[in-house]
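Asker: Structure in structure tokens, see below.
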Amino acid sequence: MVRFTDLLRPTEAGLYCPPGDFHVDPVRPVPHAVITHGHGDHARQGHGAVLATAETLSIMAARWGEGFAGAAQSLRYGENVKHKDVDVKLVPAGHILGSAQIVLGWNGIRIVVSGDYKRRRDPTCPPFEPVPSDVFVTEATFGLPVFRHPPDGEEIQKLLKSLRQFPERTHLVGAYALGKAQRLICLLREAGYDQTIYVHGAMATLNALYERHGVALGKLAPATTDKRERLPGRLVIAPPSAIADKWARRFADPLPALASGWMRVRARARQRHVELPLILSDHADWDELTGTVAELAPREVWITHGNEEALLRWSQLNGIAARALDLVGYGEEEGES
Ligand SMILES: [Zn+2]
Ligand SMILES: [Zn+2]
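All the letters of the sequence shown, read from the start, carry residue numbers 92 to 428 under this note's numbering.
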């Protein structure tokens, strides 16, 4: 009898596929890696060969240079490739530009590794594509019923209202440099904000990369060139660590805001000196996690990391076998770094 763990199993380097002889999102250098997306906890350098979407490969090259791996192969969404005996396909995960779920097929078994994902619309990437499987591998960053992300439009309106209310203050919005920042900019543009948006120097490369891949961001300018420019009433986007930093003091009475799923937790906002918390996440919230598991109805749910306890219990109560993999090395994003 073939077991699911014959196709995929947790190891110290991450999820390993024995019949295909490759790892998924390995946390240490391996000969063959299939990568779900470009965030640093999933995409690391030094592998022998990497298979990922073209966008993810560009992100890795932007971070480490072209030599980030011995060899790189890009795969389009929906395209099939055989890795030894295993069929490998990438389908959209709706998380960030280039993010993919990895669909593995072998001996009549199908396992989907979703990487990080969300179900709500994101103007910077195609939506999550549900693929029925025997095993659905999911994260559980926001795997507690308390985490329910409000509609994005509400959060964007909060920011626009504050800009109108405090026209003398520079609005400094902390946003993770890969994915969140560009999504925030796109959502602002969709809401009609057509002024120049000022961006921290750490984001310039990734913004340009998004634009090269067809994501229009509108008029941007560096927030760091002229120290005398205090930008009252303007919007500045910076990495989360910069908004309460010495760097922030150059601006006009800066109003620190932070775009993160964790902003649901008031104590976190206070701790980070955030005056305007914006609940904007690139990860599935509780309803999206449970809704996805219910929709896919896999035979087993494997939870890689995060708040797995409640999702584990929820799956079991709904007749789906569930197991926590307790993988280490993931989850250092979502505005925490
Ligand atoms: Zn991610
Ligand atoms: Zn992650």
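Cβ coordinates follow ideal geometry from the N, Cα and C atoms, glycine included.
Check for me: the beta strand (DSSP E) holding Glu230 runs from which residue to which?
Answerer: From DSSP, the beta strand (DSSP E) with Glu230 extends over 226 to 231.
Asker: Roughly how many angstroms separate the alpha carbons of Leu418 and His186, rounded to a whole number?
Answerer: 20 Å
Asker: In or out: Pro122 buried (at least 16 other Cβ within 10 Å) or exposed?
Answerer: exposed
Asker: Along the chain, where does the alpha helix (DSSP H) containing Gln273 start, and where does it finish?
Answerer: 271 to 281
Asker: Measure the beta-carbon distance from Thr287 to Ala343 and round it to whole angstroms, keeping in mind my assumption that it falls under 8 Å.
Answerer: Not quite, the Cβ-Cβ distance comes to about 15 Å (not below 8 Å), so this is no contact.
Asker: Please name the residue, chosen from Leu275, Trp393, Asp376, Gly158, that lies closest to Arg210 on a Cα-to-Cα basis.
Answerer: For Arg210, the nearest C-alpha among the options comes from Asp376.
Asker: Is the beta carbon of Pro313 less than 8 Å from the beta carbon of Glu259?
Answerer: no
Asker: Under 8 Å, do His364 and Pro330 count as touching if we go by C-beta distance?
Answerer: no
Asker: If the criterion is Cβ atoms closer than 8 Å, does the pair Ile202 and Leu98 meet it?
Answerer: yes
Asker: Using a Cβ distance threshold of 8 Å, determine whether the region 390 to 407 contacts the region 275 to 289, with at least three qualifying pairs required.
Answerer: no
Asker: Any chance the region 382 to 400 sits against the region 165 to 175, with 3 or more Cβ pairs inside 8 Å?
Answerer: Counting Cβ pairs under 8 Å, fewer than three are found: no touch.
Asker: Please list the segments of the beta strand (DSSP E) lying wholly inside the region 270 to 357, counting only runs of 3 or more residues, in order along the chain.
Answerer: 288 to 290, 311 to 313, 326 to 329, 346 to 350
Asker: Spatial neighbours of Glu427 within its chain, please: C-beta separation below 6 Å, excluding the five flanking residues on both sides.
Answerer: Unreliable positioning characterises Glu427 in this predicted model, as indicated by a pLDDT of 43, which lies under 50. The coordinate reading is nonetheless provided below. The same chain holds no residue with a CB closer than 6 Å to that of Glu427 once the five nearest residues on each side in sequence are set aside.
Asker: Note the first and the last residue of the continuous alpha helix (DSSP H) segment covering Lys209.
Answerer: That residue, Lys209, is in no alpha helix (DSSP H); it is neither H nor E in DSSP.
Asker: If you run the structure through DSSP and keep just helix, strand and coil, what is Phe95?
Answerer: helix
Asker: If I measure Cβ to Cβ from Arg212 and keep anything under 7 Å in the same chain, skipping five residues before and after, which residues do I get?
Answerer: Pro218
Asker: Looking only at its own chain, which residues have a Cβ that is under 7 Å from the Cβ of Thr96, when we skip the five neighbours before and after it?
Answerer: none
Asker: Between His186 and ligand 1, is the CB less than 7 Å from at least one heavy atom?
Answerer: yes
Asker: Might you give, ordered along the chain, the residues of its own chain that have their beta carbon closer than 6 Å to the beta carbon of Arg390, omitting 5 neighbours on each side?
Answerer: By the criterion of a C-beta distance shorter than 6 Å, Arg390 is surrounded in its chain by Asp225, once the five residues flanking it on both sides are discounted.
Asker: Can you tell me whether DSSP reads Leu418 as helix, strand or coil?
Answerer: coil
Asker: Val384 by DSSP, collapsed to three states: which one?
Answerer: In the three-state DSSP reduction, Val384 falls in the helix class (H, G or I).
Asker: Is the beta carbon of His133 within less than 7 Å of some heavy atom of ligand 1?
Answerer: Annotation for His133 indicates a beta carbon within 7 Å of some heavy atom of ligand 1.
Asker: Is any non-hydrogen atom of ligand 1 found closer than 7 Å to the C-beta of His130, if you look at the structure I gave you?
Answerer: Checking every heavy atom of ligand 1 against the Cβ of His130, one is found closer than 7 Å.
Asker: Would you call the region 367 to 376 in contact with the region 289 to 305, where contact means no fewer than 3 C-beta pairs closer than 8 Å?
Answerer: no
Asker: For ligand 1, is there any heavy atom lying closer than 7 Å to the beta carbon of Asp213?
Answerer: no
Asker: I'd like to know if the region 133 to 148 and the region 223 to 242 are in contact, where contact means that at least 3 CB-CB pairs between them fall below 8 Å.
Answerer: no
Asker: For Thr147, which of helix, strand or coil comes out of DSSP?
Answerer: Helix, per DSSP.
Asker: Quick one: what does DSSP say Gly199 is sitting in, helix, strand or coil?
Answerer: DSSP places Gly199 in coil when its eight states are reduced to three.
Asker: What residues are listed by DSSP as bridge partners for Thr102?
Answerer: Gly105
Asker: Quick one, which of Arg319, Glu320, Ile126, Ala272 has its alpha-carbon nearest Leu308's?
Answerer: Ala272
Asker: Is any heavy atom in ligand 2 found nearer than 7 Å to the beta carbon of Gly244?
Answerer: Not so, every heavy atom of ligand 2 lies at least 7 Å from the Cβ.
Asker: Quick one: grab the DSSP three-state call for Glu427.
Answerer: Residue confidence is low: Glu427 scores 43 on pLDDT, short of 50, so the model does not pin down where it sits. No coordinate-derived value is stated.
Asker: What is the rounded straight-line gap between the Cα of Arg355 and the Cα of Ala153?
Answerer: 32 Å
Asker: Closest Cβ-Cβ distance between Asp417 and chain C: below 8 Å?
Answerer: Absent from the structure: chain C. Only one protein chain is present.
Asker: Taking the C-alpha atoms as reference points, what is the distance between Thr102 and Glu230?
Answerer: For Thr102 and Glu230, the distance between alpha carbons rounds to 16 Å.
Asker: For Ala266, which residues from the same chain have a beta carbon less than 6 Å from its beta carbon, with the 5 sequence-adjacent residues on both sides left out?
Answerer: Ala272, Leu275, Ile328, Ala350
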